[in-house]
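The block underneath contains the structure these notes are about, expressed in structure tokens.
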Amino acid sequence: MHDRIGFSIGSVFAAVIPLACGIFGALIANMPISIFGGHLPPPLLALMPVYFWCLVRPDLMPPWVAFAIGILEDLLSGGPPGVWAAAFVASYALVDRQRESFAGLAGFGAIIGFAAAMFTACAVAFLIATFYYWRFPPISMLIVQFAVTILFYIPGAALLNLIHRRLVGPLRSEF
Amino acid sequence: MANGTWKIARGKGSAQLPLAIVAVLAIALVLVGKAQSSLFDHARAYFSDWTSPLLEAARGPVKAVSNWTGGVGNYFDVYQENLRLKEDNARLRQWQNAALVLEQRLKRYQLLLNAVSDPSLGAVTAHVIGRANRPFLNTMILDAGKAQGVKPGEAVVDARGMIGRIFLAGNHTSWVILLTDLNSRIPVAVEPGNIQAIMSGDNTGAPTLETLGQGVQLKEGDQIVTSGDGGLLPSGLQIGTVAADGYIFRAVLLSDAGTSDDVRILNLKSPPEQPPAPSPNDLPVSAAGLAPLAPPAAAPTAANGASTAGQTSSPVKLLHPLTPAPPQATAPADPDDR
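These protein sequences, in sequence, are chains A and B.
Using the numbering used here, read the first sequence as starting at 1 and increasing by one per residue.
Using the numbering used here, read the second sequence as starting at 1001 and increasing by one per residue.
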């Protein structure tokens, strides 16, 4: 009984970690403080937990969690409602369909994998913003945000891996 | 856990149904957001109010780091910069004297012409506690909100010129939509010539200008000010100068939203003057020299009987449509009582 309760608490805790990381990423990235004087857009930190856990433990990152994190990103970023929610869902769908391909990537390839997911998110966000404003928004800031996010993914993936090993449990490949 | 008691809930592609559901929800959210763009505004205002103490605490250190990272290159040409600033200062003092003389002359002319004075402006000074430069939003957050009388639509200026306008006001914070933002469109006038135009932001540093009149040609270096059309923004606020960019014209802004720390939020205290009501002499019959028709001899008794009990009844006087109405004894409207 005790084991069952302990297991239950542990599983709930493990299930909450990816969502909490996504929320934390959205909060940090959307704090309106910029040490670069506003010249660079913030990285899309909230997408990193979505990509990471969709890849390594999809049972802990169901679609509705990706959607909820996207809504929070929309809420905090101040842009049109639903843009990042739809973008995160599209990125999730890509990773969900190509999980084995993405999971096999390592080193530089892993960064390319995340870049593909990020590209999907940015492309969907651009298309929705075009529909929303009924004209093409400038793409330069989106490209810069894409580049900044890829750069931040290198330490971000190491941090997420550490959090997963310490707090969540085994990877999908270890079952 | 490590002995494999955990089960992966889903394999490849097993999230099709939930994924389809959230995809539909996401599309619905976009459509609802398109129909009602202020969907998240209350939540955003609450969030900025909630985080404002943290933002104000972080303002000092972040500003120091920002100044340091942005100012490293300036150390190498500080001497040349100092000389240039001294020249600018001397030139601006001359312009200041000229402006003061012209201002006094303008006041005298307005007195002579009995001209309607410009609407008075109230102002709230606020600190910039946050900036956000994102692909689809260019904004800054101020530490003044509804508690300080800030309302959406009010103009925000710094010492150099207009920066943007308030688009969201929380209790103690407010969000500014910058002139460079994709959503910003304001009516402007280009001087000299008072050429009316619309200035639209496109997330670049220089908003585009679209003239309203046909065959109007802008010139580089012309001054851009707010036109005041619509009555939301005061007229005559300095914005920038005209610059050509291929076949289009852009506005080179005087203000720099990236470095502004203290700004003023302007509130139009009195509404723009409404056109006067037509007087009897303006009516076609009077203007033609004809006398207005006389009122009917007897007033209907039914109208007199309609007066409410308990009130002093007064005979209701039916007027001919062309007869001027008697002046009403009402107090003049106070512009501050809006």
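Glycine included, C-beta positions come from ideal geometry on N, C-alpha and C.
Keep in mind it's a predicted model, so treat the numbers as computed, not measured.
Chain A residues whose Cβ lies nearer than 9 Å to that of residue i
{"i": "V1030 of chain B", "result": "P80, P81, G82, V83, A85, A86, I128, F131 and Y132"}
{"i": "A1189 of chain B", "result": "Chain A residues near A1189 of chain B: none, gap ~24 Å exceeds 9 Å."}
{"i": "D1202 of chain B", "result": "R135, P137 and P138"}
Helix, strand or coil at residue i [DSSP, three-state]
{"i": "L159 of chain A", "result": "helix"}
{"i": "G1164 of chain B", "result": "strand"}
{"i": "G31 of chain A", "result": "Per the sequence shown, the amino acid found at residue 31 of chain A is Met instead of Gly. M31 of chain A falls in the coil class under three-state DSSP."}
{"i": "A1244 of chain B", "result": "strand"}
{"i": "A1345 of chain B", "result": "Because chain B is modelled from 1001 through 1338, residue 1345 of chain B falls outside the range shown and cannot be assessed."}
{"i": "I1224 of chain B", "result": "strand"}
{"i": "S1307 of chain B", "result": "Unreliable placement is indicated for S1307 of chain B, whose pLDDT of 40 sits below 50; the coordinate value is still reported in the next sentence. Looking at S1307 of chain B - three-state DSSP - the assignment turns out to be coil, as it is neither helix nor strand."}
{"i": "S1235 of chain B", "result": "coil"}
{"i": "P1300 of chain B", "result": "Because the pLDDT at P1300 of chain B is just 49, under 50, the model does not fix this residue reliably, and the value given afterwards should be weighed accordingly. DSSP places P1300 of chain B in coil when its eight states are reduced to three."}
{"i": "D1262 of chain B", "result": "strand"}
{"i": "F136 of chain A", "result": "coil"}
{"i": "V1190 of chain B", "result": "strand"}
{"i": "Q1196 of chain B", "result": "strand"}
{"i": "N1082 of chain B", "result": "helix"}
{"i": "V1216 of chain B", "result": "coil"}
{"i": "T1211 of chain B", "result": "strand"}
{"i": "N1267 of chain B", "result": "strand"}
{"i": "A46 of chain A", "result": "coil"}
{"i": "T1139 of chain B", "result": "strand"}
{"i": "L105 of chain A", "result": "coil"}
{"i": "V1150 of chain B", "result": "coil"}
{"i": "L19 of chain A", "result": "helix"}
{"i": "S1174 of chain B", "result": "strand"}
Contacts around residue i, its chain only, beta-carbon distance under 8 Å, and the 5 residues preceding and following it disregarded
{"i": "A1115 of chain B", "result": "Y1109"}
{"i": "V144 of chain A", "result": "L40 and P41"}
{"i": "L105 of chain A", "result": "I112 and G113"}
{"i": "G1310 of chain B", "result": "Its pLDDT being 38, under 50, G1310 of chain B is placed unreliably by the model, and nothing is read from it."}
{"i": "P137 of chain A", "result": "F126, A129 and T130"}
Under 8 Å by beta carbon: chain A residues contacting residue i
{"i": "W1175 of chain B", "result": "G78"}
{"i": "A1206 of chain B", "result": "Correct list: empty, because the minimum Cβ distance to chain A is about 12 Å."}
{"i": "A1152 of chain B", "result": "Checking the sequence, you will find Pro at residue 1152 of chain B rather than Ala. Going along chain A, no residue has its Cβ under 8 Å from P1152 of chain B, so there is no contact; the nearest lies around 14 Å."}
Contact list for residue i against chain A, beta-carbon separation under 7 Å
{"i": "G1033 of chain B", "result": "P80, P81 and G82"}
{"i": "L1182 of chain B", "result": "Y133 and P137"}
For residue j and residue i, believed in contact at Cβ under 8 Å, the rounded distance
{"i": "G25 of chain A", "j": "L40 of chain A", "result": "About 17 Å; that fails the 8 Å criterion."}
{"i": "A90 of chain A", "j": "T130 of chain A", "result": "A90 of chain A to T130 of chain A, Cβ: 15 Å. No contact."}
{"i": "G1161 of chain B", "j": "L1253 of chain B", "result": "7 Å"}
{"i": "Q1196 of chain B", "j": "S1227 of chain B", "result": "6 Å"}
{"i": "I23 of chain A", "j": "L55 of chain A", "result": "Not quite, the Cβ-Cβ distance comes to about 19 Å (not below 8 Å), so this is no contact."}
{"i": "A87 of chain A", "j": "G70 of chain A", "result": "7 Å"}
{"i": "L195 of chain A", "j": "V65 of chain A", "result": "A query on residue 195 of chain A cannot be resolved here, the shown segment of chain A reaching from 1 to 175 and no further."}
{"i": "N1171 of chain B", "j": "A1147 of chain B", "result": "5 Å"}
Same chain, Cβ closer than 7 Å to residue i, neighbours up to 5 away in sequence not counted
{"i": "G1163 of chain B", "result": "For clarity, residue 1163 of chain B is Ile in the given sequence; the question names Gly instead. Only V1156, V1157, V1176, L1178, L1179, S1255, A1257, S1260 and V1263 meet the Cβ criterion."}
{"i": "V1150 of chain B", "result": "V1124, A1144, I1166, A1169, S1174 and I1265"}
{"i": "G1221 of chain B", "result": "T1241 and V1242"}
Proximal residues of chain B, C-beta to C-beta of residue i below 7 Å
{"i": "F67 of chain A", "result": "V1022, L1025 and A1026"}
{"i": "W64 of chain A", "result": "P1018 and V1022"}
Under 8 Å by beta carbon: chain B residues contacting residue i
{"i": "V89 of chain A", "result": "L1019, V1022, A1023 and A1026"}
{"i": "L75 of chain A", "result": "F1040, A1043, R1044 and F1047"}
{"i": "P41 of chain A", "result": "N1133, R1134 and P1135"}
{"i": "M118 of chain A", "result": "What M118 of chain A touches in chain B: nothing, since even the nearest Cβ is about 13 Å away."}
{"i": "I48 of chain A", "result": "Here residue 48 of chain A is Met; the residue named in the question, Ile, does not match the sequence. Simply none; closest approach about 17 Å."}
Beta-carbon contacts of residue i that lie in its chain and below 6 Å, excluding the five residues immediately before and after
{"i": "F67 of chain A", "result": "A85 and V89"}
{"i": "V1216 of chain B", "result": "I1195"}
{"i": "S101 of chain A", "result": "none"}
{"i": "C21 of chain A", "result": "P49"}
Beta-carbon neighbours of residue i, restricted to chain B and to distances below 9 Å
{"i": "L142 of chain A", "result": "P1135 and F1136"}
Taking only runs of the alpha helix (DSSP H) that begin and end inside the segment 57–99 of chain A, which ones reach a length of at least 4 residues, in chain order? Entirely contained in the segment 57–99 of chain A, the alpha helix (DSSP H) runs reaching 4 residues are, in chain order, 63–77 and 83–97.
At what residue ranges does the segment 1099–1137 of chain B contain a whole run of the beta strand (DSSP E), taking only runs of 3 or more? Counting only runs of 3 or more, we get 1121–1134.
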